[in-house]
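Asker: Got a structure here, written out as structure tokens. Questions coming.
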Amino acid sequence: MSQEANMRRVTAIKNGTVIDHIPAGKALSVLKMLGIGGDMSNPVSLVMNVPSKKMGGKDIIKVEDRELTQHELDRLALVAPDASVAIIRAYTVAEKLDINLTEEVVNVARCTFSNCITTNPREPLPHRLIVTSREPLELRCRYCGKTQDIEELIDNLI
Amino acid sequence: MPGLITMDDLTNEEIISILDNAEKLLPVARGEVYLPLLQGRILGNLFFEPSTRTRMSFETAMKRLGGDVVNLGDVKTSSVVKGETLFDTIQMVDGYTDIIAMRHPRQGAAQYACDSAKVPILNGGDGAGHHPTQTMLDLFTIRQSHGTLEGLNVVLAGDLRYGRTVHSLSHALVRFGCNVTFASPESLRMPEEIVADLKAHGAEVVETDDLLGQINNADVIYMTRIQKERFPDEDEYAKVAGAYKLQASDLDEAKAEMIIMHPLPRVDEIHPSVDSTRHARYFEQAFNGVVARMALMCWLLGVDVPEDINEKGVAL
Numbered sequence: 002m003s004q005e006a007n008m009r010r011v012t013a014i015k016n017g018t019v020i021d022h023i024p025a026g027k028a029l030s031v032l033k034m035l036g037i038g039g040d041m042s043n044p045v046s047l048v049m050n051v052p053s054k055k056m057g058g059k060d061i062i063k064v065e066d067r068e069l070t071q072h073e074l075d076r077l078a079l080v081a082p083d084a085s086v087a088i089i090r091a092y093t094v095a096e097k098l099d100i101n102l103t104e105e106v107v108n109v110a111r112c113t114f115s116n117c118i119t120t121n122p123r124e125p126l127p128h129r130l131i132v133t134s135r136e137p138l139e140l141r142c143r144y145c146g147k148t149q150d151i152e153e154l155i156d157n158l159i
Numbered sequence: 000m001p002g003l004i005t006m007d008d009l010t011n012e013e014i015i016s017i018l019d020n021a022e023k024l025l026p027v028a029r030g031e032v033y034l035p036l037l038q039g040r041i042l043g044n045l046f047f048e049p050s051t052r053t054r055m056s057f058e059t060a061m062k063r064l065g066g067d068v069v070n071l072g073d074v075k076t077s078s079v080v081k082g083e084t085l086f087d088t089i090q091m092v093d094g095y096t097d098i099i100a101m102r103h104p105r106q107g108a109a110q111y112a113c114d115s116a117k118v119p120i121l122n123g124g125d126g127a128g129h130h131p132t133q134t135m136l137d138l139f140t141i142r143q144s145h146g147t148l149e150g151l152n153v154v155l156a157g158d159l160r161y162g163r164t165v166h167s168l169s170h171a172l173v174r175f176g177c178n179v180t181f182a183s184p185e186s187l188r189m190p191e192e193i194v195a196d197l198k199a200h201g202a203e204v205v206e207t208d209d210l211l212g213q214i215n216n217a218d219v220i221y222m223t224r225i226q227k228e229r230f231p232d233e234d235e236y237a238k239v240a241g242a243y244k245l246q247a248s249d250l251d252e253a254k255a256e257m258i259i260m261h262p263l264p265r266v267d268e269i270h271p272s273v274d275s276t277r278h279a280r281y282f283e284q285a286f287n288g289v290v291a292r293m294a295l296m297c298w299l300l301g302v303d304v305p306e307d308i309n310e311k312g313v314a315l
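Just so you know, the sequences run in chain order R and A. Note that this note's numbering numbers the first sequence so that position 91 is 92, with each residue one more than the last. Note that this note's numbering numbers the second sequence so that position 72 is 71, with each residue one more than the last.
Quick look at the structure:
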């Protein structure tokens with residue numbers, strides 16, 4: 002199926018953000034990471050498991066009337082490091098943004114190790130995960146040093 | 000603030016320099032010379048879980064150097080039981096002291112404290128994580144016996160999964176080019192991420208469940224206690240623990256200079272018959288905790304250890 006056909010599965014948006022090239026099946030995690038749920042009024046369109054030349058399969062998200070910030074998008078590095086992001090204004094692409102995987106992922110997810118000091122929710126310091134490898138993605142908790150399971154990390158999003 | 004949380008906080012050169020200072024401080028640790036290098040300094044001992052040797056040797060080290068110690072005391076009667084966070088406890092003790100030694104049941108607690116404090120933190124054990132001050136006294140003991148840290152064959156045996164002393168020690172040994180062999184039951188193997196780290200440093204790591212087969216080639220055998228509570232039932236424990244016991248008759252073919260170490264307390268893993276052999280070093284090792292911790296506190300507080308201890312100090 003053509004790229005155009007994929008994009009037309011949902012209507013073009015007038016203003017907002019389009020996140021393309023999300024790994025197939027990860028769109029719901031991306032929404033969770035962006036804090037986009039049923040309690041917001043902006044229309045959100047979701048396309049999952051559509052064919053992609055580059056990725057085999059992919060998901061796409063369109064969020065209307067909201068321009069996601071670079072800081073919000075960088076949170077996605079854990080699940081969609083290669084996603085492409087476009088800010089749409091008046092039906093045209095006004096800006097293209099990249100998702101940056103920083104050396105340290107701060108306050109995005111809690112360490113998954115059950116005996117880590119950070120499991121006490123009252124401890125006030127930020128949750129800090131150090132990126133020890135980019136390909137494949139590997140993170141360790143700054144405090145306990147445990148290597149994190151990425152799927153479990155997504156369950157631990159803040 | 001700099002602290003000692005894992006052995007990665009020290010370069011090899013710093014390790015050697017601290018061990019050299021520890022050696023100079025031996026007469027002070029033995030009580031032969033009084034040298035108040037840390038007079039006016041206060042150590043905060045924060046032990047959130049039981050400790051005998053680590054807590055007492057920190058206290059002895061500070062007092063032998065003329066400083067003083069305040070203790071958290073029993074956790075059950077401290078504000079921790081009222082729900083105080085570690086962050087808040089550290090803020091308080093930070094104001095009372097010049098340096099903090101701590102042990103905590105949660106992994107990562109020492110790094111967390113270090114990120115919260117203005118005074119240096121010495122990690123005296125965090126969960127099953129690290130115990131670098133123990134590693135420093137272990138390295139001191141190995142160097143004292145063998146004259147070097149480099150190229151030795153070291154066997155670490157027993158509970159390698161939960162034993163934090165062996166986690167820190169194995170990292171340090173590999174950095175000095177030692178050959179490490181891990182002898183443990185299958186269920187208590189060294190954690191995969193530590194083995195991966197060691198291999199990334201270029202180490203050849205041997206893993207085995209046969210301790211006795213490693214004795215003849217070893218320069219150091221480092222025993223650890225296998226804890227009953229790690230096993231689902233007593234029979235399973237008895238079966239496994241039985242294979243990790245040393246007695247004097249096992250050592251007939253050992254190298255003459257081979258040493259046996261143990262972080263203590265021991266239960267059954269080293270038979271008392273080993274105590275009187277030339278190989279036993281665990282009691283000296285426990286004493287060495289005092290000099291190692293003296294040297295570490297001097298290093299973290301920026302206090303130089305003089306070459307001529309006997310002239311600078313007062314003979315007792």
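Backbone N, C-alpha and C fix where the C-beta goes; we use that ideal spot for every residue, glycine too.
Considering only residues of the same chain and omitting the five flanking positions on each side of C177(A), which have a CB-CB separation below 6 Å?
Answerer: Indexing the second sequence from 1 puts residue 177(A) at position 178. Excluding positions up to five away in sequence, the list reads L151 and V153.
Asker: Name, please, each residue of chain A whose Cβ falls closer than 8 Å to the Cβ of N108(R).
Answerer: As a working mapping, residue 108(R) is identified with position 107 in the first sequence. Under the 8 Å cutoff, chain A gives no residues; its nearest Cβ is about 14 Å from N108(R).
Asker: Between G301(A), L136(A) and E192(A), which has its C-alpha nearest Y221(A)'s C-alpha?
Answerer: For the purposes of this step, residue 221(A) is identified with residue 222 of the second sequence, where counting begins at 1. Checking every option, the nearest Cα to that of Y221(A) belongs to L136(A).
Asker: With 9 Å set as the bound, which would you pick, yes or no: does the beta-carbon of F46(A) sit closer than that to a beta-carbon of chain R?
Answerer: Numbered from 1 along the second sequence, position 47 holds the residue referred to as residue 46(A). Not an interface residue.
Asker: Report back the beta-carbon spacing between R229(A) and Y161(A) to the nearest angstrom; my notes put them in contact at under 8 Å.
Answerer: For the purposes of this step, residue 229(A) is taken as residue 230 along the second sequence, with counting starting at 1. For the purposes of this step, residue 161(A) is taken as residue 162 along the second sequence, with counting starting at 1. Going by Cβ atoms, the distance from R229(A) to Y161(A) rounds to 6 Å, so yes, they are a contact pair.
Asker: Please confirm whether S77(A) has its beta-carbon closer than 9 Å to some beta-carbon of chain R.
Answerer: In the second sequence, counting from the first residue as 1, residue 77(A) sits at position 78. With a threshold of 9 Å between beta carbons, S77(A) makes no contact with chain R.
Asker: Work out the CA separation of R105(A) and G82(A) for me, nearest whole Å.
Answerer: On the second sequence, position 83 is the one that residue 82(A) refers to. On the second sequence, position 106 is the one that residue 105(A) refers to. G82(A) and R105(A): Cα-Cα distance of roughly 15 Å.
Asker: Of the choices D307(A), N216(A) and A294(A), whose alpha-carbon is the least far from that of L37(A)?
Answerer: Counting from 1 along the second sequence, the entry for residue 37(A) is found at position 38. Comparing Cα positions, the closest option is A294(A).
Asker: I want to verify the contact list: residues of chain A whose CB lies under 8 Å from the CB of E124(R), in sequence order.
Answerer: Taking the first sequence and counting its residues from 1, the one referred to as residue 124(R) is at position 123. Result: T84, L85, F86 and Y111.
Asker: The alpha helix (DSSP H) spanning K238(A) covers which residue range?
Answerer: The residue given as residue 238(A) occupies position 239 in the second sequence. Per DSSP, K238(A) belongs to the alpha helix (DSSP H) from E233 to G241.
Asker: Using a Cβ cut-off of 9 Å (strictly closer), state whether R105(A) contacts chain R.
Answerer: Start at 1 with the first residue of the second sequence, and residue 105(A) comes out as number 106. For R105(A), the answer is yes, since a Cβ of chain R falls inside 9 Å of its Cβ.
Asker: Can you name, in chain order, every residue of its own chain whose Cβ lies under 6 Å from the Cβ of V74(A), other than the five neighbours on each side?
Answerer: Here residue 74(A) corresponds to residue number 75 of the second sequence, with the count starting at 1. So the list reads F47, once near-sequence residues are dropped.
Asker: Any idea if G66(A) is buried or exposed, counting beta-carbon neighbours within 10 angstroms, 16 or more meaning buried?
Answerer: Walking along the second sequence from the start, residue 66(A) turns up at place 67. Per the 10 Å Cβ criterion, buried.
Asker: Would you say T119(R) reaches chain A, if we count a Cβ-Cβ gap shorter than 9 Å as a contact?
Answerer: As a working note, residue 119(R) is residue 118 in the first sequence. With 9 Å as the cut-off, T119(R) counts as an interface residue toward chain A.
Asker: M49(R) lies in the beta strand (DSSP E); which residues open and close that run?
Answerer: If you number the first sequence from 1, residue 49(R) lands on position 48. Counting along the chain, the beta strand (DSSP E) containing M49(R) begins and ends at V45 to S53.
Asker: Are the beta-carbon atoms of G312(A) and Y111(A) separated by less than 9 Å?
Answerer: On the second sequence, position 313 is the one that residue 312(A) refers to. On the second sequence, position 112 is the one that residue 111(A) refers to. For G312(A) and Y111(A), no; Cβs fall outside 9 Å.
Asker: Taking C-beta to C-beta, are N11(A) and F175(A) nearer than 9 Å?
Answerer: On the second sequence, position 12 is the one that residue 11(A) refers to. On the second sequence, position 176 is the one that residue 175(A) refers to. It is a contact, given that the beta carbons lie within the stated cut-off.
Asker: If you run the structure through DSSP and keep just helix, strand and coil, what is L130(R)?
Answerer: As a working mapping, residue 130(R) is identified with position 129 in the first sequence. Reduced to three states, the DSSP call for L130(R) is strand.
Asker: What residues match up with L42(A) in a beta bridge as DSSP calls it?
Answerer: What you label residue 42(A) is simply residue 43 of the second sequence in a count that begins at 1. V68(A) and I98(A), per the DSSP bridge assignment.
Asker: What ranges does the beta strand (DSSP E) occupy inside the segment 50-137 of chain R, keeping only unbroken runs of at least 3 residues that lie completely in it?
Answerer: 57-65, 85-90, 93-99, 105-107 and 129-135
Asker: Can you find a C-beta in chain A that's less than 9 Å from the C-beta of N116(R)?
Answerer: Looking up residue 116(R) in the first sequence gives position 115. For N116(R), the answer is yes, since a Cβ of chain A falls inside 9 Å of its Cβ.
Asker: Counting only runs of 3+ residues fully inside the segment 202-288 of chain A, write out the beta strand (DSSP E) ranges in chain order.
Answerer: 204-207, 219-222 and 258-260
Asker: Which value, in whole angstroms, describes the spacing of the CA atoms of V79(A) and E252(A)?
Answerer: Taking the first residue of the second sequence as 1, we reach residue 79(A) at position 80. Taking the first residue of the second sequence as 1, we reach residue 252(A) at position 253. So the two alpha carbons sit approximately 52 Å from each other.
Asker: Just tell me which of T147(A), N70(A) and N287(A) has its CA closest to the CA of P49(A).
Answerer: For the purposes of this step, residue 49(A) is taken as the residue at position 50 of the second sequence. Checking every option, the nearest Cα to that of P49(A) belongs to N70(A).
Asker: According to the neighbour-count rule (16 or more other Cβ atoms, all chains shown, within 10 Å of its Cβ), is P119(A) buried or exposed?
Answerer: As a working note, residue 119(A) is residue 120 in the second sequence. P119(A) should be labelled buried.
Asker: Among I98(A), A199(A) and A242(A), which has the Cα closest to the Cα of G212(A)?
Answerer: Numbered from its first residue, the second sequence carries residue 212(A) at position 213. That would be A242(A), whose Cα lies nearest to the Cα of G212(A).
Asker: What does DSSP give as the partner residues of A182(A) in its beta bridges?
Answerer: On the second sequence, position 183 is the one that residue 182(A) refers to. Beta-bridge pairing by DSSP links A182(A) to A156(A) and T207(A).
Asker: Please compile the residues from chain R whose C-beta is within a distance smaller than 8 Å of the C-beta of G128(A).
Answerer: By 1-based counting over the second sequence, the position of residue 128(A) is 129. Here the neighbours are C145 and G146.
Asker: To which residues of the same chain is K244(A) closer than 8 Å at the C-beta, ignoring the five residues directly before and after it?
Answerer: Against the second sequence, residue 244(A) aligns to sequence position 245. Result list for K244(A): D267, E268, I269 and H270, in chain order.
Asker: Which residues of chain R have a Cβ atom closer than 7 Å to the Cβ of D114(A), listed in chain order?
Answerer: Mapped onto the second sequence, residue 114(A) falls at position 115. Under the 7 Å cutoff, chain R gives L126.
Asker: Would you identify the three-state DSSP class for H170(A), choosing helix, strand or coil?
Answerer: To locate residue 170(A), count along the second sequence from 1; it is residue 171. Helix at H170(A).
Asker: Which stretch, first to last residue, makes up the alpha helix (DSSP H) that contains N11(A)?
Answerer: As a first step, residue 11(A) must be located in the second sequence, where it is residue number 12. Segment N11 to K23, the alpha helix (DSSP H) holding N11(A).
Asker: Count the C-beta pairs between the segment 140-149 of chain A and the segment 187-205 of chain A that are closer than 8 Å, then say yes if the count reaches three, no if not.
Answerer: no
Asker: Alpha carbon to alpha carbon, how far is V304(A) from E13(A)?
Answerer: Sequence index remark: in the second sequence, residue 304(A) carries index 305 (1-based). Sequence index remark: in the second sequence, residue 13(A) carries index 14 (1-based). If you take the alpha carbons of V304(A) and E13(A), they lie about 14 Å apart.
Asker: Note down, in chain order, all residues in the segment 190-213 of chain A with a beta-carbon under 7 Å from any beta-carbon belonging to chain R.
Answerer: E192
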